[in-house]
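Protein chains in written order, with the working numbering: chain P, 1 to 317; chain D, 1001 to 1287; chain A, 2001 to 2290. Where a beta carbon is used, it is the ideal one built from N, C-alpha and C, also for glycine. Here the structure is laid out as structure tokens; the discussion comes afterwards.
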Amino acid sequence: MTEVLPPSVASCAKVFRPRWILWSCALGVAVTVTSLLGALAMLLWQSLPLLGHQGSSFVTAPEWYYPEKAFGALAMIYGTTVVSLIALVLAVPVAVGASILSAEYLPPGLRLVVKSGIEMLAGVPSVVYGLLGVLFLREWVYHGLTAFDPISGDSLFTAGLLLAVMILPTITTLSDDALRSVPASQRSAARGLGLTRAEAVLHVALPQAAPGILAASLLGLGRALGETVAVFLVVGRQDNQLPGNPFSPTAWISPGQTLTSKLGGPETHIAYGDPLHWSAIIGLALLLLLLVGFCLAAAWGLERVMKRTPMDTESDS
Amino acid sequence: MTVSRRILRLLLPAAAGLCALAALSAVAFILGVLLLRGLGSVDWVFLTTDTKAAGAAGGIIFQILGTLILIATALAVAVPPALAIGLTRVVFLQNRPRAARAVDALLHAINGVPSIVFGILGLLIFLKFFDWGKSWLAGGILLGVMVLPTLAVSLVERLAAVPRKYIEAAAGLGLTREQIISAVWLQQSWTGLITGSLLGLARAAGETAPILFVTAVFSGATMPDGIRDSPLLALPYHIFVLAQDTFNEDARANLWGAALVLVMLVTCFNLASLPLRLNLHEESRHV
Amino acid sequence: MFEKSIGSHRGTEGTEEGRKPETLSVSLCEKKSTILSVKNLCVAIGRTTILDKISFEVAPRTVFGLVGPSGAGKSTLLRCLNRMIEMTPGSRVSGRVEFHGSNINSPTVDADALRARIGMIFQQPVIFPTSIEGNVLFGVSRLRRLSRREAAGVVEKSLREASLWNEVKDRLRSPGQALSLGQQQRLCLARTLATDPEVILMDEPTSALDARSSEAIESLILRLKASRTVVLVTHNLGQARRVTDWVACLCPSESSGAGEVLESACCDAFFGSEACRSVFRTLVDDEALS
């Protein structure tokens, strides 16, 4: 069999000197890695004054009041957790449901249409989500949840709801991929036994796609944890709102503060001049990195578990 | 067949369909609202005049230009390292799976860093240490690092799909590894860099947090002048500021127009990347 | 409802319209009753016709063999018998397939219920990621409610019928995917037998297995026919000779390339007849090539 060579080979063969490419690539990778490590080191260094001043109470103290040098991040950790949890609880079932429809029930053409449609949610910039949250979601929450007597439409719940829509496309697409990676032979064997399509999905495809779906949810969580602008606009930005009962719905309907909404706010500018205040802000950034890092690492691990061969088509002889 | 089985057989697709419908309605709502409220404000004048009266009147020309300058800079910053990392990952590490996984992890890690952390880093490096004041270059560099993984991953996908037979044929002719890279690997996969660039541009155009501290101002800037103390206006920041103060009804209409223009810009880049991405999909199914 | 229309019909004798005329030697075979009959079956997938006017009858408690060169459409034909063909996109089926005299393709028939009564074994054993016990009970536990004791009874009975009980009785909770390929195929059989099907369709069940496991499966098939009907697709002529009672040969027609039944006779007549020698040649050549 003769091999077909791309026409470029003959003309380009003599032009380049050897080794040039290897060294530039090595340089590129080295520069990238060093810069990132350097940036991380700088963050750690800049947060040192905080350790001296506050120590571990940074994450356990509920009070954040910079004029009195009190830097407790607990309320913000609570805010970040609640907002992200609400987003997950709302987004994951809808995402998994939509992915079941697209992966198991739709023919390929329609599946592409639905997937692309949902992926368009990912193409909307976060500031536009924030805008929509401010102009619509705020009103809906305020008027819709009068039973809980909200102070305003800005609350942890509003932010969670907005985030749910934002992370929906990520979880849907990845869950669809996870379902599609379960081999068709497994479903055929189940149908051959007399199981209905729904049973084949629930008892064969879904359990085997579960690690992938979990990884997808973790990636969505990571995104939710790190989202700044949209959350900033609708979360209320009230400090020290650590409630007596963290599980009561009224706590979630009140305004709050997350790590990202604090970082994106005016206090970062105020802290610029004062080393201790500044180190506290950097500490918040590091805390955020840590949380997101955990999610990503867990998702990475699960994705390795899910390494399967792609779905094979049925062969008819 | 028992009743419960028959119910489940109908219930599952119905519930799944409802979920998909909910998601698609959200899409329809967002696009619909943007078009409905924003289309009225967007005309040639809007796109080419300066902002007046703090957004209540005038247009968004310098915001658009600012955004374009930022994403162009981001692209220039991102392409060389993306190329280096991509080539390293596929060509130089093809026999070292552990190192290759480390590169993948690195890309995942950069991709996952929250955008506000990039903003804080920018504040630290470009304002505190370099003392640049607000600078367009700082924002461009930050955005470039942010979208680096998007470019790199797209390139890696394309590189990995180059058929082995071309590599072997070129090696059989006596080409050195570097020659094979330029003649075969890159020739066959430069479209991956294009796709990744378009996706990266789309992403960078919509980001607010990285440029929040180091580049963007709400008013008073036009075109950049040198590197230091040379801020820009930018669409996302413009929307961000106006969204926090929505009492002015006149500004409201322009705000929707700006939001629509931003979404259109991002969508254009995303759509432009589609033809090349669909091509790759088809090829990978046949190979 | 499918269950309601089941009866046991005595089969019909004699030739019917559309059936290929039988050769002299075939008419010497004894005709028994019919459990499964195929009349003028045509199958197309997309624009390609795979099967063209297929007709034959399967007698109960016999082993019916389908032989032929690869690509003739044997697996497709098998999939028509339990309506698995519907899961292939673009497939169009015309003609009748009758189970106990009733058309299985009629809209009143529940395909899922049908598949519990006509089971299927595939070429590659497909084991679910659960225990051996879990695999055996996978289908039957959804068909009806089983108490713990009933379930254990079904597991033992099915594994015995599949000749696997003695090898796995001590480790029913261990993962099914840890078994050898031959054991996995018998586990698939046990799983199918647990739903108590009247007919078992087997698509080249031994081609992925070694000689010893193949032998085990073949003796299993011979034992199974005492209580059930087996339709066996095989490209191994020796196997067909050893195991089947009736053989039909499916070959691609010279004009259209679609499969058609070239010869259908009881086993001895099939292998002894003159008309089959040309068919053998193509089959043997095909086997020599593969």
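**Item:** Partner residues on chain D for P:W64, Cβ-Cβ distance less than 8 Å
**Value:** Those within 8 Å of P:W64 in chain D number zero; the least Cβ separation is about 17 Å.
**Item:** Closer than 8 Å to chain A by CB, P:V134
**Value:** Closer than 8 Å: no.
**Asked** Does the beta carbon of P:R223 come closer than 8 Å to any beta carbon on chain A?
**Response** no
**Endpoints, the alpha helix (DSSP H) within which D:P1080 is located** = 1061-1087
**Near-chain P residues of the segment 1106-1123 of chain D (beta-carbon distance less than 8 Å), N- to C-terminal order** = L1106, H1108, A1109, I1110, G1112, V1113, P1114, S1115, I1116, V1117, G1119, I1120, L1121, L1123
**Prompt:** Near P:R19, what residues of its chain come up, given a Cβ to Cβ distance below 8 Å and the 5 sequence neighbours on each side ignored?
**Reply:** So the list is empty, once near-sequence residues are dropped.
**Asked** Going along the chain, which residues of the segment 1264-1280 of chain D sit with their C-beta nearer than 7 Å to a C-beta in chain P?
**Response** V1266, T1267, N1270
**Request:** Note the first and the last residue of the continuous alpha helix (DSSP H) segment covering A:D2203.
**Result:** Not the alpha helix (DSSP H): A:D2203 falls in the beta strand (DSSP E), residues 2199-2203.
**Request:** Show which residues of chain D have a CB atom less than 8 Å away from the CB atom of A:R2142.
**Result:** Ordered by position in chain D, the residues that pass the 8 Å Cβ test against A:R2142 are R1005.
**Request:** Check A:V2026 in the structure and name its three-state DSSP category.
**Result:** Because A:V2026 carries a pLDDT of 44, less than 50, the predicted location of this residue cannot be relied on, and the following value inherits that uncertainty. Of the three classes helix, strand and coil, the one that applies to A:V2026 here is helix, per DSSP.
**Request:** Kindly indicate the opening and closing residues of the beta strand (DSSP E) around A:E2098.
**Result:** 2091-2099
**Message:** For the ligand MN, I want to know if P:N245 counts as a neighbour, meaning its beta carbon is within less than 7 Å of at least one of the ligand's heavy atoms.
**Reply:** No copy of the ligand MN appears in this structure; indeed no ligand is present at all.
**Message:** Going residue by residue through the segment 1154-1182 of chain D, where are the continuous alpha helix (DSSP H) segments of at least 4 residues, counting only ones entirely within it?
**Reply:** 1164-1172, 1177-1180
**Request:** Determine the direct distance from the alpha carbon of P:L289 to that of P:P246, and round the result to whole angstroms.
**Result:** Straight-line Cα distance between these residues: approximately 24 Å.
**Prompt:** So which residues on chain A does P:Q54 lean against when the C-beta distance must stay under 7 Å?
**Reply:** Result: empty, since nearest Cβ-Cβ is about 49 Å, beyond 7 Å.
**Request:** Tell me whether D:N1248 sits in a helix, a strand or coil according to DSSP, three-state version.
**Result:** coil
**Message:** Using a Cβ-Cβ distance cut-off of 8 Å, determine whether A:A2194 contacts chain D.
**Reply:** It does not: the Cβ of A:A2194 has no partner Cβ on chain D nearer than 8 Å.
**Request:** For my contact list, A:L2181 and A:S2141 are in at a C-beta cut-off of 8 Å; report their separation, rounded to the angstrom.
**Result:** The pair is not a contact, with the Cβ atoms about 25 Å apart (cut-off 8 Å).
**Request:** In the DSSP assignment, find the unbroken alpha helix (DSSP H) run with P:E139 in it and report its ends.
**Result:** 138-144
**Asked** Alpha carbon to alpha carbon, what distance is there between P:I213 and A:K2074?
**Response** Cα to Cα, the separation comes out at about 38 Å.
**Request:** Round the Cβ separation of P:D149 and P:V234 to the nearest angstrom and send it over; I've been treating them as touching at under 8 Å.
**Result:** Actually they do not touch by this definition, with Cβ atoms about 18 Å apart.
**Request:** Take every Cβ of the segment 1135-1152 of chain D, pair it with every Cβ of the segment 1166-1177 of chain D, and state whether three or more of those distances are shorter than 8 Å.
**Result:** Touching, no.
**Prompt:** Listing by chain order, which chain D residues have their CB less than 7 Å from the CB of A:A2151?
**Reply:** In chain order: nothing, as chain D lies at least about 17 Å away.
**Message:** Buried or exposed, going by whether 16 or more other CB atoms sit within 10 Å of the CB of D:Q1094?
**Reply:** exposed
**Request:** Could you tell me whether any Cβ in chain A is nearer than 8 Å to the Cβ of P:E267?
**Result:** no
**Asked** According to DSSP, is D:F1213 helix, strand or coil?
**Response** coil
**Message:** Using only the alpha-carbon positions, how far apart do A:S2027 and A:V2038 sit?
**Reply:** Bear in mind that the predicted position of A:S2027 carries a pLDDT of just 45, short of 50, making it unreliable; the figure below should be weighed with that in mind. Straight-line Cα distance between these residues: approximately 19 Å.
**Message:** Restricting to Cα atoms, I'd like to know which of D:A1183, D:A1234, D:A1216, D:T1088 is closest to D:E1157.
**Reply:** D:T1088
**Beta carbon proximity, A:R2148 to chain P, threshold 8 Å** = Chain P contact via Cβ: absent.
**Prompt:** Considering only the beta carbon of each residue, do D:V1090 and D:A1160 sit closer than 8 Å?
**Reply:** yes
**Prompt:** Since P:F157 contacts P:W252 with CB under 8 Å, what's their CB separation in whole angstroms?
**Reply:** 5 Å
**Message:** Which residue wins for smallest C-alpha separation from A:S2033, given the options A:D2196, A:L2081, A:F2099?
**Reply:** A:F2099
**Asked** So P:S261 and P:D176 are in contact, right, with Cβ under 8 Å, and what is the actual spacing, rounded?
**Response** That pair is no contact at about 32 Å.
**Item:** Beta carbon of P:L88 nearer than 8 Å to that of P:L161
**Value:** no
**Asked** Listing by chain order, which chain D residues have their CB less than 8 Å from the CB of A:D2110?
**Response** M1001
**Message:** Buried or exposed for D:L1201, going by 16 or more other Cβ atoms inside 10 Å?
**Reply:** With 16 or more Cβ atoms within 10 Å of its Cβ, D:L1201 is classed as buried.
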